[in-house]
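Numbering (this note's numbering), first residue to last: 8 to 658. The beta-carbon is built from N, C-alpha and C at its ideal position, and this holds for glycine as well.
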């Protein structure tokens, strides 16, 4: 690093790792590399040694300097280059720059990965991520940017983090853009009470004091840790902050968090997830994010959307800062289409709502808030935002601290009617169609999980295994027509639950899907046929016909795999045939049965995100309900049985 010596009117350089100071450096070098004057740069330097009898003259002279870290950044060139990319291309480039293969992640998971970058581009941003081990939570804070520091073990003293009263030196928050606490979870961790109190004030007001003077800093705070229980267990028995140390398990501290990354939605990192493609050099991307800290995009949505009025100031600040950070990462020019802004705004609302909903379970003094927004272009239509776990586990999610204190009152219908939950979803009518967030069939009366022959559960995210039972055909009256949407990163969605009841009793089934070519796609086909076999009486025979498109790259392998499926299914009484059609004929993906059901599939059978197929001990490999889903939609229609049977050719 370089400083100007005003007494001699000369620039002098310091080498932190050599212990050499006051090295003369010419002004032209400093002008070419202005970061020397701010934070210093890593470099390759040539030093000359020239001895002098004058003890006031430093013998070292800088002859040349070659930075190995970005020493100058052109924001205008960066913004101009960004305009050449679509949003999806840009997201994939950033994911590759983080070291991951974007093809291995869904759209929602990519946004969760990019959320880890927000503290680098947003000042005084407070982020927490709790989830299973091995999901790469701390990687981005230890190896990504020279402007962040990862505190191992999550334990640090007040003088080291804030200010040392004896020396007057400011701590880590004054020198780093991001201070991350690794291994933050753990109920047995020793925590300094004074540290928590000062941290609460700093996270809320960007300032801190130890009795001498009030100081300010701009470092963002990140807390990452491992959870010891599953999502369903935490929602049913405790809350999503249960694993934190007792001193941090404080509603005042937790309320200062701007976003909660749901670590249970991020898969454990596997070797195949790493990228070998092109991305930004990390030093370059780190300087981009640091430069963007000087800009504020928090109100970019205000001309098109407004937050609901009952959202508190602290909640609003969390949403705005998250929106600003994601806008800087995805749209650094500040220009985005309304639907793109809406996507970011909903994501920001969800992350803050996850924090606030857990505070309701911890502290009864917090009031329930409707997290939503209103579009200024659509006559004031209100859009409420719900977290993914809220949709998947509604039977556990709406538990509050008040209900824990008075379980009998909470269980009383009269009490429930007196204190309605503003953000709770309305229950569907028993005789009507379920809501779009629920699977197509009403829930069974039993409290346990259904077998594949029972109707699906009302929340499709149950993480427990589905146990096969004897085939029983459900009554036709229990099957529903309708359109249903499933969100990315849901678990518990299986072919048994989606299609099983509609396939029961069929003797002819036609699947039209243009994309049954690659190994994993043929494997999906095999699991679909396994669903049919589980529903089929042992003595019956079923004809399953596939309409697909021939693989133009490797038709031989595709044919061999289909023949293997055919030979494997024959002993089970399934006669499997196929035909190759042109793309236009097989483009619309659907299932048709001779019992009068037509199931429209926007993704065909390709509803799962990639998982480790080679690991025989991976639960996602053995049990489909443990796989993460892609976003997809299913529509169930009634057609004439004669129409469906006429579609099947003779084998």
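Contact between the region 525 to 539 and the region 504 to 513 is present, with at least three C-beta pairs closer than 8 Å.
Boundaries of the alpha helix (DSSP H) around residue 37: 34 to 39. The DSSP-derived three-state label of residue 628 is helix. Bridge pairing for residue 489: 643 [DSSP]. Straight through space, the alpha carbons of residue 8 and residue 26 are spaced by roughly 12 Å. Under the Cβ criterion (8 Å, minimum of three pairs), the region 192 to 204 counts as touching the region 244 to 258.
Counting along the chain, residue 289 sits inside the alpha helix (DSSP H) bounded by residues 289 to 299. DSSP places residue 258 in the uninterrupted alpha helix (DSSP H) bounded by 258 to 261. From the listed residues 325, 542, 598 and 501, the smallest Cα separation to residue 555 is found for 598.
In this model, residue 314 and residue 151 are separated by some 34 Å (Cα to Cα).
Comparing alpha-carbon positions, the option among 42, 30, 85 and 40 lying closest to residue 64 turns out to be 30. Annotation for residue 228: no alpha helix (DSSP H) segment contains it, though the beta strand (DSSP E) segment containing it runs 227 to 233. Three or more beta-carbon pairs separated by less than 8 Å link the region 486 to 503 to the region 625 to 639, which places the two stretches in contact.
Looking at the backbone, the Cα of residue 324 and that of residue 265 are separated by about 8 Å. By the Cβ criterion, the region 298 to 305 is in contact with the region 320 to 340, since at least three pairs of Cβ atoms, one from each stretch, lie closer than 8 Å. Under the rule that a run must span 3 or more residues, the beta strand (DSSP E) segments found entirely inside the region 486 to 537 read 489 to 493 and 515 to 519. Collapsing the DSSP output to three states places residue 152 in coil.
Residue environment: residue 32 is assigned as buried (16 or more neighbouring CB atoms within 10 Å of its CB, all protein chains considered). Note on residue 274: 16 or more other CB atoms within 10 angstroms of its CB, so buried under the neighbour-count rule. The beta carbons of residue 230 and residue 169 sit about 16 Å from each other, so the pair does not count as a contact at 8 Å.
Looking at the backbone, the Cα of residue 24 and that of residue 47 are separated by about 12 Å. Taken through DSSP and simplified to helix, strand or coil, residue 49 comes out as coil.
Annotation for residue 332: the continuous alpha helix (DSSP H) segment containing it runs 320 to 337.
The region 164 to 183 and the region 140 to 149 do not touch, with fewer than 3 CB-CB distances between them shorter than 8 Å. According to the DSSP secondary-structure assignment, residue 353 is paired through a beta bridge with no residue. At least 9 Å separates the beta-carbon of residue 228 from that of residue 301. Residue 619 carries a coil assignment under DSSP once its states are collapsed to helix, strand and coil. At the C-beta level, residue 353 and residue 310 stay beyond 9 Å of one another. In the pairwise beta carbon analysis, the region 33 to 40 is classified as touching the region 65 to 75: at least three pairs are separated by under 8 Å. DSSP, read as helix, strand or coil, puts residue 552 in strand. Looking at the DSSP output, residue 133 bridges to 228. Sequence-distant Cβ neighbours of residue 155 in its own chain, meaning closer than 7 Å and more than five residues away, are 127, 148, 183, 184, 185 and 187. The region 622 to 634 and the region 585 to 599 do not touch, with fewer than 3 CB-CB distances between them shorter than 8 Å.
Put simply, of 137, 202 and 153 the residue whose alpha carbon is nearest the alpha carbon of residue 166 is 202.
For the options 262, 270 and 34, the alpha carbon positioned closest to that of residue 368 is the one of 262. Per DSSP, the beta bridge partners of residue 390 are 380.
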